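So the structure is just underneath, and the comments pick up after that.
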Amino acid sequence: MRQFLVRRIISVFVTLFVIISLTFLLMYAIPGDPFTSENRIPEQVVENLKEHYGLNDPMLIQYIKYLKGALLFDFGPSIKWDNQTVNELIASGFPVSAMIGLQAILIATFFGILLGIFAAIRHNSAIDYFSMIIAILGLSVPSFIFATVLINFFAIKLQWFPVATWGTWKHSVLPSVALAVTPMAYIARLTRSSILEVLSMDYIQTAMAKGVTGVRFVFRHVLRNALIPVVTILGPITATVLTGSFVIEQIFGVPGLGKYFVEGITDRDYPLILGTTVFYSAILVFFIILVDIAYVLIDPRIKLMKGRR
1 MRQFLVRRII SVFVTLFVII SLTFLLMYAI PGDPFTSENR IPEQVVENLK
51 EHYGLNDPML IQYIKYLKGA LLFDFGPSIK WDNQTVNELI ASGFPVSAMI
101 GLQAILIATF FGILLGIFAA IRHNSAIDYF SMIIAILGLS VPSFIFATVL
151 INFFAIKLQW FPVATWGTWK HSVLPSVALA VTPMAYIARL TRSSILEVLS
201 MDYIQTAMAK GVTGVRFVFR HVLRNALIPV VTILGPITAT VLTGSFVIEQ
251 IFGVPGLGKY FVEGITDRDY PLILGTTVFY SAILVFFIIL VDIAYVLIDP
301 RIKLMKGRR
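The numbering of the sequence shown is the UniProt record's numbering, which starts it at 1 and goes up by one.
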C-alpha cells in the first residue's frame, strides 16, 4: 500500500505540473490581452496596467511567477474583479458549486444504483426497459435541455422553486437535479451491466440453484461485487460534479465557481482562468486517488495483482 501511495502521489505532481504548464502555454498563445477590447482607455494607461500585472515580462519570467503562485496556491489579483484576488473568488464560488455538486452526486448515486438494481433483477422485463430508456435519455439529452424543462415546468408553471436568484435551499434543488441526470444515467447502466455479470458467475448460479435468493442475498453477495466498477467511476464523476457545471450555473444564475471561470474566459482574466483551472485539476486528481485507494481496500485482489507485477 505504501508503494502504491508513493507512486500515486508522484503521478499527481507530474500531472499537475503538465496541466499547469499546458494551461499557461495556451493562455500565452491566445492573441490579444485583457485590455484589447478597452478602446477608450489611453495607450499609456493600458501599458501601465500591463506593467502592473506583469504582462510585459518575458514569457519565462511570467511562467516562473505563475508556477510559483500555483505551488503556493496564490494566484494573485484578478484583472477584471477590482480589489479581489483569485483566491477570494475561488473561496466565494466553490462552496456554492460544491453544495450543488454534492446534492447532485447523492441524487445520481442513489437513483442510479436503484435503477440499475431494478433493471438487472427484472432483466428483459418492463421495468428493465423503462429504466434503460430513462438512462439513455439521460445520456443522450444535454443537461441544459433538462435545465430548461425543469425551469419551465417547476419554476414557471408550478412555481415550486425559484430561479435566477440565490439564498435558500430551494434555489439549489433544480440545478442539482439538472446536474445529476447525466451521471445518474451512467451509473444506472454501469450498475445494471455489473450486476448481470456477477449474476452469471458460477458461485452465484450455484447459490441460486440451491434456493438462496431474496433481497439480502442480492445486497450481500451480488451488489457488493457489482459495485466495484461503479466505485471506480465515482471519483471522476464526483470531481466533475462537485466543481459544478458551467452551463448549469449560467442557466440558473448560480454564483458558483463556474460563473467566474466563464466570465474569466470572456474577459481574458488570465490569473482567474489559470487559478480556476489549477483548482479544478487538483480536485479531479484528488478524487481519482481517493477512488484508487478505496478500490484497493474494497477488492484485495488488486493488491495481489499489483504485487505480482
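Here a beta-carbon is modelled for each residue, glycine too, at the ideal position from N, C-alpha and C.
For clarity, every value in this text was computed on a predicted model and none was experimentally measured.
Alpha carbon to alpha carbon, how far is residue j from residue i? Give it in angstroms, no decimals.
i	j	result
M59	T232	40 Å
L304	V230	Reliability fails at L304, whose pLDDT of 43 lies under 50, so the model's placement of it is uncertain and the value that follows must be treated cautiously. Approximately 21 Å, taken between the alpha carbons.
F73	L234	26 Å
S281	N48	32 Å
K170	L139	26 Å
residue 313	F118	Here the chain has residues from 1 to 309 only, and residue 313 is not among them.
T266	L158	35 Å
I20	F261	16 Å
F130	A209	28 Å
A294	V222	19 Å
F111	D82	43 Å
K50	G76	14 Å
residue 310	F154	The question about residue 310 has no answer here: the residues shown for the chain are numbered 1 through 309.
L102	S92	17 Å
L25	A98	29 Å
Please go through the same chain and pick out, in chain order, the residues whose beta-carbon is closer than 7 Å to the beta-carbon of residue i, but skip the five residues on each side of it.
i	result
I10	none
Among the residues of its own chain, which have a CB less than 6 Å from the CB of residue i, if the five just before and after it don't count?
i	result
Y270	M27
Would residue i and residue j qualify as a contact pair, given that the criterion is a beta-carbon distance under 9 Å?
i	j	result
Q62	L55	yes
G258	V247	yes
V181	N225	no
A178	I134	no
V291	V12	no
V86	G275	yes
F279	A239	no
V241	I113	no
T277	T15	no
G116	A164	no
F144	I79	no
I228	P183	no
V254	W166	yes
If I'm right that residue i touches residue j with Cβ under 8 Å, what's the distance once you round it to whole angstroms?
i	j	result
I100	P162	So it is not a contact: roughly 14 Å between Cβ atoms.
R8	I289	5 Å
R268	P34	4 Å
When you compare the CB of residue i with every CB in chain B, is at least one pair closer than 9 Å?
i	result
I265	Protein chains in the displayed structure number just one, and chain B is not present.
Looking only at its own chain, which residues have a Cβ that is under 8 Å from the Cβ of residue i, when we skip the five neighbours before and after it?
i	result
I273	T23, M27, F261, G264, I265
**OP:** Go through the region 93-157 residue by residue and report every complete run of the alpha helix (DSSP H) that reaches 4 residues or more, in order.
**Re:** Qualifying alpha helix (DSSP H) stretches, in chain order: 126-140, 143-150.
Original post:
Quick one: complete alpha helix (DSSP H) runs, 4+ long, within the region 231-270?
Top reply: 246-252, 257-267
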